[in-house]
Structures are given as structure tokens and as C-alpha cells.
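Novice: One structure, pasted below without further comment.
Number of protein chains: 2
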Amino acid sequence: MPVDMNLRISPRTVQQETVDKLRLAIFSGLFQPGSRLIESQLCTQLGISRPSLREALRSLEAERLIEIVPNRGPSIPALSWEVATAIYEVRELLEVEAAGRCALRISAERLRELERSLSAFELAASSNDSLAQVTTAADFYSIILANCGNPVLEEVHRGLVARISFFRGRSMSLDGRAQSSLTEMREIYEAIAAGDEKAARKASRQHVLKAKAAAKRSMDSAT
Amino acid sequence: MPVDMNLRISPRTVQQETVDKLRLAIFSGLFQPGSRLIESQLCTQLGISRPSLREALRSLEAERLIEIVPNRGPSIPALSWEVATAIYEVRELLEVEAAGRCALRISAERLRELERSLSAFELAASSNDSLAQVTTAADFYSIILANCGNPVLEEVHRGLVARISFFRGRSMSLDGRAQSSLTEMREIYEAIAAGDEKAARKASRQHVLKAKAAAKRSMDSAT
DNA sequence: GTCAAGCGGATTGTCAGACAATCTTGAAAT
DNA sequence: ATTTCAAGATTGTCTGACAATCCGCTTGAC
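Chains A and B are the protein sequences, given in the same order. When we follow our numbering, the leftmost residue of the first sequence carries the number 50, and every step to the right adds one. When we follow our numbering, the leftmost residue of the second sequence carries the number 50, and every step to the right adds one.
In C-alpha cells:
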């Protein structure tokens, strides 16, 4: 009997790889908000055909990472502060709930994982690598969302966070934001570790509110 | 000066129409859960080309209305009760929040609209037209979500409700469900009309919980 | 000089056809 | 009954094409 029974890696299609590449490109801010994406350019850059690219673009459109206007084609939407506020509000709703549930149900093993990710963020926070800060912080939330016992909550949250990725790099590099973020996240961790639902909810709410405020500051200070 | 200035209807593309048609077909239960969708068949039935169809399918995949497995193609996902529960829980979170906000901020004009939609549901509830019941009830929620002041909340909610459309027809035709639904909705309406946030939240939560219970009953009674 | 009309290039929307890779099904063999 | 294998069906992807639409620029009228 083969060793890798049932572990078959589902073959990665061109479209999936393309979606991942483009998503990453968008996250890393490679495209300016408002700028148009030219299909033929992307095709040659990615080395794929137009139908494949267009399928990938439709996926990204449904995720709201790009906009496609008929006869104008795809572009990076400019995120207004109004919409960003709306996203932060829903994110608060979801993340607070997830933290509360997590406090009640996380396993010891996963809790250690959460602790490790907090340490990773601590390390990143003391450096000046804002990319590392963003990714380690994202890992921390991911673990909480993955252990709240509701996969839909997790999925919706991931979609929302993706849409405000634009801000996260900027606000993390604000003066002292990484350090205060660390304090807030540690509070969340402590509450979850203690199995204190109410405290976890409170700390989580506080964290999202401060993240929102930081995002606003970073937006105002930018042009 | 032309009369219709600025009212330009953005041209509907084949892909948009296809997405709408397929979405409607899925809502109306035309496809059995678990059944596969054959691209070539759909192309001839819809009278479109395969690239256009595949773009539409990618959009629906991102909405989680269909699944696309590499080398197996698109199919209607079988909604497990586990996932359905998760959806109802998040829906509760969102809908309660929306009802509460709506109570605080809805305009008099929109309130009358809400009242009219309640009347429409009342009429449908006394009939046996379960399709009319579902659509009028959906209108009622839509108005609440559209007036909660958070477009993202509305958007996410719509996506979730779409995924459980499968249940809504079934549970509405349960014995007495339409009537008790009417009572619950009337309570929500009264609370919003009175501007009572707390009551609106409570009534809304009650309503979602009962809808979930009804869905579970309808699922158990089915095979 | 300013503004409108119109022209041309660029880009998208959509289609047709093709072919290899993969899955599924059913028959054959043990 | 179970396994093996081959034929058919289906998907993943590409190439090439063409009409419709949009955008910028020139041109011409006032």
C-alpha cells in the first residue's frame, strides 16, 4: 500500500496560482488604488492566456479585491474611509465573538500555538520589519478565528481583513503602534488562556477599536 | 439636454446575465445538492460560449453557491447541518446588530417602506404560496439591512442568506412557521418603529433562533 | 482661444475551435 | 467478487479572431 494514501495534493491549476499571485501582488501594494489592470499586460507578465486570467479576475472581483466595470475592465478599487469604517465595524463584531468563543473552547495544544505566534509578533514588533509585523499579527488572529468553532465566521473575517490589508502595513509602521498592538494582543491572549470569555471579548474589542483609530491616523497623515 | 442624463444603464454583459440566471436557478432548487454541472450542457442551454460560462462559474464559486474541484468541475455543494448552523450563528450576529442600528437611524420614509413589506408578508403568510412568503420575508430583512448604515454588513449578510436559501423554502412551508414568523417580524417592526434599540435586538435574535430551529426541523423531517 | 465633433488606437467582451490531462464508467480477466 | 484496463466523457488551457466600446487627440467651427 502506498505511503501517501489519501494525501493526494489536489493539482494546482493555473487559475488558482494566478489568483494567489495577484492577491499577493495586491496585498503588497504593487498596484496603486484606482489604477487599471490591463489584461494583455498581465497575461504576458504571468505567462498565461487571457481566458485563464479572466477567470482569475472574476474570482478576485467576487472577493472585492478588484473591481470590474463593463467595457473598462479591472481596476484596484480606491478604499474610501467610509467603507473602511464599515469593514472595521463588522470586523469588530466578528472578532469579538471569535475571541469570546475561543476562550471557552480552545485546546491546550492550540493555545500553545497561539502563544508561539504571540512571541513571533513580539520579536517582529521590536524590529522595524513592518512586513513581518503584519504577517505575524495576522497569524495570531488566524489562530483565534480558526479555533472559535465556526468556520463561516473565520471565512467571512478573512475576506474582510483582506480588503483592509492596504491599511495594515501603513498603520503598523506608525509610531509606537506595534508596541501598543503587542500589549493589546497580550491581553487577548491572557484572557483566552484564562478561559475568561468576557475579558477576551473586551480585550478584543479594544484591540479592533485601536486598530481602526490607527488606520484613521495613518490615512489622515497620508496625502 | 437629454432627459436621461447620467442615468446610463451600465450595459449588462453576458457574464452578468449568466451569473444571475444561474443564481436564480440554484435558489429555485433546480439543481440537486451534490449534482454536477456539465459545462457543455450549460453552454448550449444558455446559448453562450464556454469561456463566458466559466467566468460566471468562477463568480458563483467565490460566492460559495457552487464548488469547483480541479478536474471534476462545478457542482452544487451539499450543505451540511454543521455549516448551516455556522451560517445561522453569523447571520444572528449580523442581523441583530443591523436591527439595533436600524432602530436608531431609520428615516420615516423607509419605515413606511418596512411597514409595507410587512403587510406584503402578512398577505403571503395567509396564502399557501411559499415562494411569495420567502421573497416578501427576504424583502423585509433587506430593508432592515439596507438601513443599518453599514453597507458591508448588508453585503455580508446577503451572501450568507444566499447560501441557506435552500432551507428557506422548506422551513417556510412547515406547519405554522409562516404565521409565527409573522409574529416575530411584527415584533421587530414595532421595536424599530419605536426606536427601541434593545427591543429590536432582542426580537431580531429571537427571530433568527426560531428560523434556525425551523430549518433544523425541516431538515430532520426530510430524508 | 475655446469648445464641440469626430477620428483612430487601445482595450475589453465574446466567440469558435482545438488538444492534452484527468476522471469516470463499464467490461474483461483473475 | 475484486482488480485491471481501455474507451468515452469532461475539464484545463491555449490560440486566434472580431465587434463593441472607451479614451485621447486632432481638427474644425465659432
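We treat Cβ as the ideally placed atom computed from N, Cα and C, and that holds for glycine.
What residues in the region 136–167 of chain A have a beta carbon less than 8 Å from any beta carbon of chain B?
Specialist: Ile136, Glu138, Val139, Leu142, Leu143, Glu146
Novice: What separation, rounded to the nearest whole angstrom, lies between the Cα atoms of Val210 (chain B) and Asn177 (chain A)?
Specialist: 43 Å
Novice: Can you tell me where the beta strand (DSSP E) holding Ile117 (chain B) begins and where it ends?
Specialist: 116–118
Novice: Once you ignore the five residues that flank Glu164 (chain A) on each side, which residues in its own chain have a CB closer than 8 Å to its CB?
Specialist: Tyr238, Ala242
Novice: Can you list, in chain order, the residues of its chain whose CB lies under 6 Å from that of His206 (chain B), leaving out five sequence neighbours each side?
Specialist: Leu143, Leu194
Novice: Given that Ala282 (chain B) touches chain A, what residues does it touch there, using C-beta distances under 7 Å?
Specialist: With chain B covering 50 to 272 only, the question about residue 282 (chain B) has no answer from this structure.
Novice: Indicate whether Cys92 (chain B) and Leu102 (chain B) have their beta-carbon atoms separated by less than 9 Å.
Specialist: yes
Novice: Smallest Cα separation from Glu131 (chain B): which of A:Pro200, A:Val183, A:Ser175?
Specialist: Nearest option by C-alpha distance: A:Pro200.
Novice: Please confirm if Asn199 (chain B) has its CB atom under 9 Å from at least one CB of chain A.
Specialist: yes
Novice: Please tell me whether Ala264 (chain B) has its Cβ less than 9 Å away from any Cβ of chain A.
Specialist: no
Novice: By the three-class DSSP mapping on this structure, what secondary structure does Arg99 (chain B) have?
Specialist: helix
Novice: Identify every run of the alpha helix (DSSP H) within the region 164–232 of chain A, keeping only runs that are complete inside it and at least 4 residues long; order them along the chain.
Specialist: Complete alpha helix (DSSP H) runs here, min 4: 179–195, 200–212, 214–221.
Novice: Under 9 Å between C-beta atoms, does Pro123 (chain A) make it to chain B?
Specialist: No, its Cβ sits nowhere closer than 9 Å to a Cβ of chain B.
Novice: Does the pairing of the region 212–230 of chain A with the region 146–165 of chain A give three or more beta-carbon distances under 8 Å?
Specialist: no
Novice: Helix, strand or coil for Arg121 (chain A)? Go by DSSP, reduced to three states.
Specialist: Under the three-state reduction of DSSP, Arg121 (chain A) is assigned to coil, being neither helix nor strand.
Novice: I'd like the span of the alpha helix (DSSP H) that includes Gly78 (chain A), first residue to last.
Specialist: Taken as a continuous stretch (DSSP letters only), Gly78 (chain A) belongs to no alpha helix (DSSP H), as it is neither H nor E.
Novice: If you run the structure through DSSP and keep just helix, strand and coil, what is Arg113 (chain B)?
Specialist: coil
Novice: Which residues in the same chain have their Cβ closer than 8 Å to the Cβ of Leu160 (chain B), if we skip the five residues on either side of it in sequence?
Specialist: Ile241, Ala242
Novice: Does the beta carbon of Ile127 (chain A) come closer than 9 Å to any beta carbon on chain B?
Specialist: One point to set straight first is that residue 127 (chain A) is Ala, not Ile, in the sequence displayed. No, its Cβ sits nowhere closer than 9 Å to a Cβ of chain B.
Novice: Could you check the C-alpha separation between Pro60 (chain A) and Glu88 (chain A) for me, to the nearest Å?
Specialist: 25 Å
Novice: Closer than 7 Å by beta-carbon distance: list the chain A residues that pair up with Glu246 (chain B), in chain order.
Specialist: Residues of chain A passing the Cβ test: none, with the nearest at roughly 15 Å.
Novice: Going by Cα to Cα distance, which pick from B:Leu106, B:Ala133, B:Glu138 is closest to Pro123 (chain B)?
Specialist: Of the listed residues, the one whose Cα sits closest to Pro123 (chain B) is B:Leu106.
Novice: Can you tell which of A:Leu258, A:His256, A:Asp188, A:Ile75 has the C-alpha that lies nearest to the C-alpha of Glu116 (chain A)?
Specialist: Considering only alpha carbons, the answer is A:Ile75.
Novice: Looking only at its chain, what residues have a beta carbon closer than 7 Å to the beta carbon of Ser179 (chain A), apart from the 5 residues adjacent to it on each side?
Specialist: Gly218, Met221, Ser222
Novice: Who are the Cβ neighbours of Ser166 (chain A) in its own chain at under 7 Å, not counting the five residues just before and after it?
Specialist: Hits under 7 Å: Thr185, Asp188, Phe189, Ile192.
Novice: Do the CB positions of Val257 (chain A) and Arg140 (chain A) come within less than 9 Å of each other?
Specialist: yes
Novice: How close, in whole Å, do the beta carbons of Ile136 (chain A) and Arg212 (chain A) come, if the pair is a contact with beta carbons under 8 Å?
Specialist: Going by Cβ atoms, the distance from Ile136 (chain A) to Arg212 (chain A) rounds to 6 Å, so yes, they are a contact pair.
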